[in-house]
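Given below as structure tokens:
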């Protein structure tokens, strides 16, 4: 993907203009094709386009457990109302990316979020469609998903349902000397009781 050559610059300026801190930890690299037992760690910037948001950062560990299952988990901090979170997710592939057929998977998510002075537990499920394409001779993997979740507030004994529309792309950085790195750009749109924003991630291989 030729445009990925400009990702670092474009994403830096994106974050000077926008900020985001959603309840969801994002799709991340779950839909990216990995070899079995492949692991990497990623550093991700977050920003909230909604009110009471703030710029943040999170770290994520991703591992391909077997041909259909990918595990990830991490921790994040940020400014604004939702100042911290820990999360874990498991992505299960039902249909592979094959010929004209897109990849389809469902990702389960468990997350604990600090909301002001309280903490909330979030349980979610995310159907994900993705497809590999060639962009100017470089392979990229656009994806679209609709994260759905229930947020439980133990102190208030209440809950709320959450929905987002998430779209993004992952791919190797096509720059000599940096092709071992994988980049991710993801945008989220609030559908119900959530937040609109942006994720930027850079993954480093561990094996």
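Residue numbers (the numbering used here): 5 to 211.
Here a beta-carbon is modelled for each residue, glycine too, at the ideal position from N, C-alpha and C.
Check: Looking at residue 82 and residue 60, is the spacing between their C-beta atoms short of 7 angstroms?; Outcome: yes
Check: My guess is that residue 92 and residue 114 are in contact by the Cβ rule of under 8 angstroms, so how many angstroms apart are they, rounded?; Outcome: 5 angstroms
Check: Could you check the C-alpha separation between residue 43 and residue 120 for me, to the nearest Å?; Outcome: 34 angstroms
Check: Out of 160, 178, 110, state which residue places its alpha-carbon closest to the alpha-carbon of residue 138.; Outcome: 178
Check: Report the three-state DSSP secondary structure of residue 45 (helix, strand or coil).; Outcome: strand
Check: Should residue 39 be labelled buried (16 or more other beta-carbon atoms within 10 Å of its own) or exposed?; Outcome: exposed
Check: Going straight from the alpha carbon of residue 188 to that of residue 159, what length do you get?; Outcome: 36 angstroms
Check: If we count Cβ pairs, one from each stretch, closer than 8 angstroms, do we get three or more for the stretch 69-83 versus the stretch 122-138?; Outcome: no
Check: Let me check one thing: in DSSP terms, what residues is residue 111 bridge-paired to?; Outcome: 95, 130
Check: Cα separation between residue 94 and residue 112?; Outcome: 5 angstroms
Check: How about residue 191 and residue 171: do their beta carbons lie closer than 7 angstroms?; Outcome: yes
Check: State the start and end residues of the unbroken beta strand (DSSP E) segment that holds residue 171.; Outcome: 162-176
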